[in-house]
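Chemist:
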Amino acid sequence: MEHILKVLKDSFNIDSPLLSSMEGYDSTNYKIVTGKGTFVLKMYQKKPETIAILKAEHKILNSLGHLGNCGFPSDILSNGGDYLVYSENYIYRLLSYVEGSFLGEVEQTSDLLYSFGRFLGTMDTVIFQKHHTAISAKESQWDLKHLKKNQKLLNFIPDPKDRNLVDYFFMQFDERVIPYQYILRKGIIHSDANDWNVLTSNGKISGIIDFGDMCHSWLANELAIAVTYVMMGKESPLASTIPIIKGYQETFPLEEQELDLLYYLIAARLCISVCNSAYSKTLKPKSDYITISEKPAWDLLRKWIRINPIKAKDTFRAAAGFPISTKTVLETQLSRRKAHMGSALSLSYSKPIEMAQSAFQYMYDSDGNTFLDAYNNIMLAGHCHPKVVLAGQKTMARLNTNTRYIYEDLLGYSDKLLSKFPPQLDKVFFVNSGSAASDLAIRMAMAHTKKKKIMVLEHGYHGNTRIGIDISHYKYSKNPGLGKQDYIIDTPVPKVFNSGFKNEALAAKHFASIAMGQIKESMGIAAFLAEPIVGCGGQVPLAKGYLQYIYPKIRAQGGICISDEVQVGFGRLGDFFWGYEMLGVVPDMVILGKPMGNGHPIGAVVTTSEIAASFDNGVEFFSSFGGNPVSCSIGNAVLEVIEEENLQKHAKDVGNHLIGLLKGLQNNYPEIADIRGSGLFLGVELLDKKGGPNTKLAAELKNGLREKHILIGTDGPYDSVLKIKPPLSFSKANVEELVYEIRSILEISSKI
Ligand code: PMP
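At position 563 of the sequence shown the residue is numbered 562 (numbering that gives the first Met the number 0), and the sequence of numbers has no breaks.
See the structure below:
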């Protein structure tokens, strides 16, 4: 303190002041109270660039002084006639103290926020036009246009899910903001109008302090930063931006293009904030200050991902008086679809949804609504997961070819994928869909066994190819014309619920005896094919013990056993990575698809060396796209995300939470007759009062949830089973929301 007192006395004639420390980022700050008034003394490390910046800052504060109010700090001249005082290692400056209460400590009324917008706009009319080399040369990682400088801090965020959320917004920044970087207006902005830098008095903004983050950046960033802090902790964040934008537009209007990027610029500020907090925490692990101050930024970031960017854009546009984006009319889109798509292609919901974007467990429609996705199991890691998207983009820009060449992507991915299987399943054939995989599996089974018959379960679905339909009871049984092919043997699903059997063992024995009878009569079956949980059949897990009867019988008569893991595979079941593990068997062949590429078309057949060798029968197997480098990189990224985010355990925890809450509902609503499945692959069977399938209630729930912006499916022979199989980014809070809405629909329905 001695040196501070000395500087005050020698350079500013200030004797025995009251001195207290203040928060400072790149300087050490003291509040100085004297008989002559209140001041702020700032002390900086002596570096040439700091001197240049402080000189530029001085000029800018001087010109702001001409605005005619005392809302900005001003430099106090020292006895030496300069406003900077130098010691051997430090620079000191004394600033006037700007009075007022911080925006962060007063009630933020709409009038106050409007005045905030006007204040900022007025300030920017002065500073944005200035030119100062020292400020243009600054490259601060807090400048939103340098967001990506913060990427190096990403690894300081301990939770991989949080990290990937931030990474998602980095990716969106590259996609949506960077293309405009050379056409956005640039000039000097304050760049840190947060609520602890902004002062208020009598319900109006009266001043702003801390020009240390001033930089030469995009004008839109000024408003983005200001609204970010105002939104923190607010019930309806978007609504609180409206008065600020209005006020700003009246004084220094942003152009439409600038305003349209605001959603992503706000996200950028939040990302910078959380990255820097994470980093600071590693330097000061015990700091409550960092923990407390990072929370509102995380809270807002998690809220932000739930806000449809189109809704945000339109809110900002409306506030600024710009026309909102032109909406496509659903009827027009439907008639365009009808013109080119066959009517066999169905649409979900009587009022279909036009989807525009998606992120993790959220989908954004073109009307600005956000849907919570409890249905799309393909997006295992979450919609547009940055690791997966970037893996595909990078490889696509490097190499895309086919398996007739050698490339690391294929070798590395096969290694990683096969490491998830027992050693005897050591060969993989890549294709582009679950259907192509099923089709290939049947061909391989026939080639290996020299037999023709295929045994399948009732209500199963395995694909859309000619063979796919032949083996899918779910399809061929629906259309009498299609019918069952001669080479198909179908057998009832070994289910427990509503089958009259008290437990799994009894059900398994009963259904196995039927199947074993059929096997005996068959005169040679090439393959027995089943899903571990029959999805289209209404999420029915095979009774435990069933496959232990069937697999040996099939093998004994020369056939092979195939597990279709297209729906349930890759960790979704929580306790098990693959469905066959849940049932205690090891198949001879596995069919993979859907979640394997998190939305990218990739499928595979995994089998033994012996079966693979039988397929090498002089006819080459080739798939133009199967196993291409892009698909392999994507598949590999999916496996990495499953590991990094511990998604299998997450599926178990969140799934158990969901099962628990659904069981709670079951006590009050007997229509919920059965809750089954594992992890985040669940089915809820609904029965009516007479014990029959409650198709009506299932439809009411599906459509009612759609109105509440939650997506789920229905299936089963009577369409009376709710299918819940969300992206694995689905959280416990999402579960609670889903169950809350199911309850509210059941409540209304039970009163009718
Ligand atoms: N098997 C199962 C169990 C499936 O659910 C599906 C698709 N619903 C397929 C195979 C076929 O996959 P795809 O639609 O990718 O061709």
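Note that beta-carbon positions come from the ideal geometry of N, C-alpha and C, so glycine has one too.
Just to check my reading of the structure: M122 and L63 have Cβ atoms closer than 8 Å, yes? What is that Cβ distance to the nearest angstrom?
Modeler: Taking the first residue of the sequence shown as 1, we reach residue 122 at position 123. Taking the first residue of the sequence shown as 1, we reach residue 63 at position 64. Correct: roughly 7 Å between the Cβ atoms.
Chemist: Starting from W217, follow the beta strand (DSSP E) in both directions and report where the run begins and ends.
Modeler: Position 218 of the sequence shown, counting from 1, holds the residue named residue 217. Segment C214 to W217, the beta strand (DSSP E) holding W217.
Chemist: From this set, G186, V105, L17 and D209, which residue's C-alpha is nearest L53's C-alpha?
Modeler: Translated into positions along the sequence shown, residue 53 becomes position 54. Comparing Cα-Cα distances from L53 to each of G186, V105, L17 and D209, the minimum goes to D209.
Chemist: Can you tell me whether N269 is buried or exposed, with buried defined as 16 or more other CB within 10 angstroms of its CB?
Modeler: Counting from one through the sequence shown, the residue named residue 269 turns up at place 270. The displayed chain sequence assigns Leu, not Asn, to residue 269. It is buried - the Cβ of L269 has at least 16 other Cβ atoms within 10 Å.
Chemist: By the three-class DSSP mapping on this structure, what secondary structure does Y460 have?
Modeler: As a position in the sequence shown, residue 460 is number 461, starting the count at 1. Coil.
Chemist: To which residues of the same chain is S10 closer than 6 Å at the C-beta, ignoring the five residues directly before and after it?
Modeler: Start at 1 with the first residue of the sequence shown, and residue 10 comes out as number 11. Around S10: S77, N78 and V84.
Chemist: Where do the ends of the alpha helix (DSSP H) carrying S512 lie?
Modeler: Locating residue 512 in the sequence shown gives position 513, counting from the first residue. Unbroken alpha helix (DSSP H) run through S512: E503 to S521.
Chemist: As an exercise, report each continuous beta strand (DSSP E) stretch of at least 3 residues that is fully enclosed by the region 282-307, in chain order.
Modeler: Entirely contained in the region 282-307, not one beta strand (DSSP E) run reaches 3 residues.
Chemist: Measuring CA to CA, which of K501, A612 and D714 is closest to C535?
Modeler: Walking along the sequence shown from the start, residue 535 turns up at place 536. For C535, the nearest C-alpha among the options comes from D714.
Chemist: Please work out which residues of its chain come closer than 8 Å, Cβ to Cβ, to V604, disregarding the five sequence neighbours upstream and downstream, and give them in chain order.
Modeler: For the purposes of this step, residue 604 is identified with residue 605 of the sequence shown, where counting begins at 1. Within its own chain, the residues whose Cβ lies closer than 8 Å to the Cβ of V604, once the five positions on either side in sequence are excluded, are V427, F428, V430, A436, L439, A440, M443, M588, V589, I590 and L591, listed in chain order.
Chemist: Quick one: what does DSSP say I156 is sitting in, helix, strand or coil?
Modeler: The count along the sequence shown starts at 1 and reaches residue 156 at position 157. It is coil, neither helix nor strand.
Chemist: Can you round the beta-carbon distance between E56 and M231 to whole angstroms, since I take them to be within the 8 Å contact cut?
Modeler: On the sequence shown, position 57 is the one that residue 56 refers to. On the sequence shown, position 232 is the one that residue 231 refers to. 27 Å between Cβ atoms; not a contact.
Chemist: For the ligand PMP, I want to know if H599 counts as a neighbour, meaning its beta carbon is within less than 7 Å of at least one of the ligand's heavy atoms.
Modeler: Here residue 599 corresponds to residue number 600 of the sequence shown, with the count starting at 1. It does not: the Cβ of H599 is nowhere closer than 7 Å to a heavy atom of the ligand PMP.
Chemist: One question on the structure: do H458 and F614 come within less than 8 Å of each other, judged by their Cβ atoms?
Modeler: The residue you call residue 458 lines up with position 459 of the sequence shown. The residue you call residue 614 lines up with position 615 of the sequence shown. No, the Cβ-Cβ distance between H458 and F614 is not below 8 Å.
Chemist: Where K129 and S135 are concerned, what is the direct C-alpha to C-alpha distance, given to the nearest angstrom?
Modeler: The residue given as residue 129 occupies position 130 in the sequence shown. The residue given as residue 135 occupies position 136 in the sequence shown. Each residue's Cα considered, the two are about 10 Å apart.
Chemist: Does the separation of the CB atoms of I265 and N149 fall below 8 Å?
Modeler: One-based indexing of the sequence shown puts residue 265 at position 266. One-based indexing of the sequence shown puts residue 149 at position 150. No, they are not a contact pair.
Chemist: What is the rounded straight-line gap between the Cα of T369 and the Cα of E330?
Modeler: Within the sequence shown, numbered from 1, the residue matching residue 369 stands at position 370. Within the sequence shown, numbered from 1, the residue matching residue 330 stands at position 331. So the alpha carbons of these two residues sit roughly 21 Å apart.
Chemist: Which one of F168, W297, A380 and T250 has the shortest CA to CA distance from S595?
Modeler: Walking along the sequence shown from the start, residue 595 turns up at place 596. What sits at residue 595 in the sequence shown is Met, not Ser. Looking at the Cα atoms, A380 is the closest of the given residues.
Chemist: May I have the straight-line CA-CA distance separating L745 from A697, to the nearest angstrom?
Modeler: Position 746 of the sequence shown, counted from the start, is the residue given in the question as residue 745. Position 698 of the sequence shown, counted from the start, is the residue given in the question as residue 697. In this model, L745 and A697 are separated by some 10 Å (Cα to Cα).
Chemist: Between the region 332-341 and the region 278-288, do at least 3 Cβ pairs fall closer than 8 Å?
Modeler: no
Chemist: Could you pull the start and end residues of the alpha helix (DSSP H) that A51 belongs to?
Modeler: Against the sequence shown, residue 51 aligns to sequence position 52. Where A51 is concerned, the enclosing alpha helix (DSSP H) stretches over P47 to G64.
Chemist: Report yes if the C-beta of H384 is less than 7 Å from at least one heavy atom of the ligand PMP; otherwise report no.
Modeler: Counting from 1 along the sequence shown, the entry for residue 384 is found at position 385. It does not: the Cβ of H384 is nowhere closer than 7 Å to a heavy atom of the ligand PMP.
Chemist: Between G482 and the rest of its own chain, which residues show a CB-CB distance below 8 Å, the 5 nearest in sequence each way excluded?
Modeler: To locate residue 482, count along the sequence shown from 1; it is residue 483. Result list for G482: Y475, in chain order.
Chemist: State the DSSP-derived secondary structure class of S538, mapped to helix, strand or coil.
Modeler: Locating residue 538 in the sequence shown gives position 539, counting from the first residue. Reading off the sequence, residue 538 comes out as Gln, not Ser. Looking at Q538 - three-state DSSP - the assignment turns out to be coil, as it is neither helix nor strand.
Chemist: Where A506 and S498 are concerned, what is the direct C-alpha to C-alpha distance, given to the nearest angstrom?
Modeler: Taking the sequence shown and counting its residues from 1, one reaches residue 506 at position 507. Taking the sequence shown and counting its residues from 1, one reaches residue 498 at position 499. Cα to Cα, A506 sits roughly 8 Å from S498.
Chemist: In terms of alpha-carbon separation, which member of L456, F500, N478 and L17 lies closest to I470?
Modeler: Residue 470 sits at position 471 when you count from the first residue of the sequence shown. For I470, the nearest C-alpha among the options comes from L456.
Chemist: In terms of residues, what are the limits of the beta strand (DSSP E) holding L371?
Modeler: Working through the sequence shown from its first residue, we reach residue 371 at position 372. Going by DSSP, L371 is part of the beta strand (DSSP E) stretching over T369 to D372.
Chemist: Are C274 and L424 close, meaning C-beta to C-beta below 8 Å?
Modeler: Position 275 of the sequence shown holds residue 274. Position 425 of the sequence shown holds residue 424. The answer is no: Cβ separation not under 8 Å.
Chemist: Assuming L164 contacts A219 under a Cβ cut-off of 8 Å, what Cβ separation, rounded to an integer in Å, is found between them?
Modeler: Position 165 of the sequence shown, counted from the start, is the residue given in the question as residue 164. Position 220 of the sequence shown, counted from the start, is the residue given in the question as residue 219. Wrong, their Cβ atoms sit about 23 Å apart, outside the cutoff.
Chemist: To the nearest angstrom, how far is the alpha carbon of P531 from that of K689?
Modeler: The residue labelled residue 531 in the question sits at position 532 within the sequence shown. The residue labelled residue 689 in the question sits at position 690 within the sequence shown. Approximately 30 Å between the Cα atoms of the pair.
Chemist: If you count every other CB in all the chains shown that lies within 10 Å of the CB of H65, and 16 or more means buried, which is it?
Modeler: Taking the first residue of the sequence shown as position 1, residue 65 is located at position 66. Answer is exposed; the Cβ neighbour count stays below 16.
Chemist: Please give me, in chain order, every unbroken run of the beta strand (DSSP E) with length at least 3 that falls completely inside the region 116-168.
Modeler: Counting only runs of 3 or more, we get nothing.
Chemist: Could you pull the start and end residues of the beta strand (DSSP E) that G186 belongs to?
Modeler: Locating residue 186 in the sequence shown gives position 187, where the first residue counts as 1. Residues K185 to I188.
Chemist: Identify, in the order they occur along the chain, each residue of the same chain with its Cβ nearer than 7 Å to the Cβ of G367, setting aside the five sequence neighbours on each side.
Modeler: Taking the first residue of the sequence shown as position 1, residue 367 is located at position 368. Excluding residues within five positions, the ones whose Cβ falls inside 7 Å are N307, I309, K310 and D313.
Chemist: Using the three-state DSSP reduction, which class does E684 fall into: helix, strand or coil?
Modeler: Start at 1 with the first residue of the sequence shown, and residue 684 comes out as number 685. E684 falls in the strand class under three-state DSSP.
Chemist: Check whether the Cβ atoms of L258 and A319 lie closer than 8 Å to each other.
Modeler: One-based indexing of the sequence shown puts residue 258 at position 259. One-based indexing of the sequence shown puts residue 319 at position 320. Yes, these two residues count as a Cβ contact at 8 Å.
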